[in-house]
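Visitor: Have a look at this one before I ask anything.
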Amino acid sequence: MTVPMLRAMKSRGERITMITAYDATFARMLDEGGADVLLVGDSLGMVIQGLDSTLPVTVDEVVYHCRAVARGAQHAHVVGDMPFMSYQGSLDEALRNAGRFLKEGGAHAVKLEGGREVAEKIARMVGAGIPVMGHVGLTPQSVHAMGGFRVQGRTEEAAERVVAEAHAVADAGAYAVVLEGIPSNLAARITAELDVPTIGIGAGPGCDGQVLVCYDLLGLTPDLRPKFVKRYDEWFARGIDATQRYCVEVRSGAFPSAEFAFGDGKRKDEPAVPAVVQPIVAGGYGPRG
Ligand code: KIV
């Protein structure tokens with residue numbers, strides 16, 4: 020999936036699916052599930068590192084996770100999220116940091132938050148061959164300035180501000196814009212006005228695509244139930260259940276049964292390799308051995 024392909028999807032009226040990913044296994048799963056775009060979001064600070072906000076996340080950390088995601092993704096377009104203070108300083112510093120996501124992280128593009136104040140930086144990155152995805156509306160890196168994670172653009176004046184931000188980043192050369200935490204009618208208006216795709220999160224159905232944090236989508240964030248998140252599974256609860264069954268079986272001695280253990284290879288009826296590891300490596304212990 021490439022930048023021109025994503026733009027063509029907008030012209031054809033095909034919806035874009037974007038999901039966050041932070042490691043190779045999830046990337047492979049989400050890619051095989053059909054995600055068009057994998058975003059290595061700075062949300063990793065909250066879901067991977069257990070932080071209260073994305074602010075402490077560093078470029079090194081996101082680049083590290085990008086490398087893993089890029090290895091796991093076969094078809095999806097991989098976007099690295101530029102963390103707080105990696106692009107708010109000088110033009111040169113912003114450009115150098117953006118380049119790291121492509122050179123070291125294997126990403127195809129970067130994402131950054133903001134409107135007119137980041138337009139010059141977007142233009143410079145695009146000029147250097149780095150595709151940039153914008154992000155306006157509720158911008159989590161400005162959580163303190165916004166007074167919390169609040170829906171943006173609810174008054175007429177605030178709505179016009181979000182519209183202006185979206186135009187500023189698109190005019191600067193962004194190939195797509197994330198619209199986060201804004202009313203549905205405002206997102207639909209911006210989507211109609213922009214030539215580039217909009218990807219919504221908490222922005223209603225009128226966007227060209229949607230993005231969710233994979234941990235939210237899969238039900239791995241038990242303490243968070245934001246209104247805009249639809250959980251497509253309950254992995255946290257299912258993980259607790261699987262863990263409990265494992266603990267019970269280990270404590271009772273039911274696991275590992277003969278099926279999961281190696282014999283000495285002398286019995287005729289003994290399979291050469293236990294069935295569970297056969298697909299991994301015949302005659303061996305498996306990669307984890
Ligand atoms: O960091 C992130 O995961 C994001 C998405 C929620 C858009 O920016």
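Under the numbering used here, the first residue of the sequence shown carries the number 20, and numbering increases by one thereafter.
The beta carbon of each residue, even a glycine, is placed where N, CA and C say it ideally should be.
If you drop the 5 nearest sequence neighbours on each side, which residues of the same chain put their C-beta closer than 6 angstroms to that of arginine 26?
Guide: By one-based count along the sequence shown, residue 26 stands at place 7. Same-chain partners within the cutoff: there are none.
Visitor: Once the 5 residues before and after valine 248 are set aside, which same chain residues still bring their CB inside 7 angstroms of it?
Guide: Within the sequence shown, residue 248 is the residue found at index 229, counting from 1. The answer, listed in chain order, is Leu231 and Asp235.
Visitor: Can you tell me whether DSSP reads valine 129 as helix, strand or coil?
Guide: Within the sequence shown, residue 129 is the residue found at index 110, counting from 1. The answer is strand: DSSP assigns valine 129 an E or B state.
Visitor: Skipping 5 residues on each side, what residues in its chain have a beta carbon closer than 7 angstroms to that of isoleucine 35?
Guide: The count along the sequence shown starts at 1 and reaches residue 35 at position 16. Excluding residues within five positions, the ones whose Cβ falls inside 7 angstroms are Leu25, Met28, Asp55, Val56, Pro216, Ile218, Asp227 and Gly228.
Visitor: For the beta strand (DSSP E) that contains leucine 58, what are its first and last residues?
Guide: For this step, residue 58 is matched to residue 39 along the sequence shown. Looking at the DSSP string, the run of the beta strand (DSSP E) that includes leucine 58 is 56 to 59.
Visitor: Are the CB atoms of leucine 121 and isoleucine 149 within a distance shorter than 8 angstroms?
Guide: Translated into the one-based positions of the sequence shown, residue 149 becomes position 130. Translated into the one-based positions of the sequence shown, residue 121 becomes position 102. Yes, they are a contact pair.
Visitor: Going by DSSP in three states, isoleucine 299 sits in which element: helix, strand or coil?
Guide: In the sequence shown, counting from the first residue as 1, residue 299 sits at position 280. Legend: pLDDT at isoleucine 299 = 47, less than 50; position of this residue unreliable, value from coordinates given subsequently. Look at isoleucine 299 here: in three-state DSSP terms it is coil, with no helix or strand label.
Visitor: What's the C-alpha gap between glycine 192 and glutamate 184?
Guide: As a working mapping, residue 192 is identified with position 173 in the sequence shown. As a working mapping, residue 184 is identified with position 165 in the sequence shown. The alpha-carbon atoms of glycine 192 and glutamate 184 are separated by roughly 13 angstroms.
Visitor: Which same chain residues end up closer than 6 angstroms to valine 97 when comparing Cβ atoms and leaving out the 5 residues on each side of it in sequence?
Guide: As a position in the sequence shown, residue 97 is number 78, starting the count at 1. If we look at valine 97 and ignore the five residues flanking it on each side, its Cβ neighbours are Leu57, Val88, Ala89, Ala126 and His127.
Visitor: Can you tell which of Ala189, Met20 and His186 has the C-alpha that lies nearest to the C-alpha of glycine 53?
Guide: Residue 53 sits at position 34 when you count from the first residue of the sequence shown. Taking only the C-alpha atoms, the option nearest glycine 53 is Met20.
Visitor: Can you tell me the Cβ-Cβ gap for aspartate 42 and glutamine 93, rounded? I've got them flagged as a contact below 8 angstroms.
Guide: Taking the first residue of the sequence shown as 1, we reach residue 42 at position 23. Taking the first residue of the sequence shown as 1, we reach residue 93 at position 74. Actually they do not touch by this definition, with Cβ atoms about 15 angstroms apart.
Visitor: Would you give the residue range spanned by the alpha helix (DSSP H) that threonine 21 belongs to?
Guide: On the sequence shown, position 2 is the one that residue 21 refers to. Counting along the chain, threonine 21 falls outside any alpha helix (DSSP H), and DSSP gives it neither H nor E.
Visitor: Nearest to histidine 186 by alpha carbon, out of Gly133, Asp79 and Ala117?
Guide: Here residue 186 refers to the residue found at position 167 when the sequence shown is read from its first residue. The shortest Cα separation from histidine 186 among Gly133, Asp79 and Ala117 belongs to Gly133.
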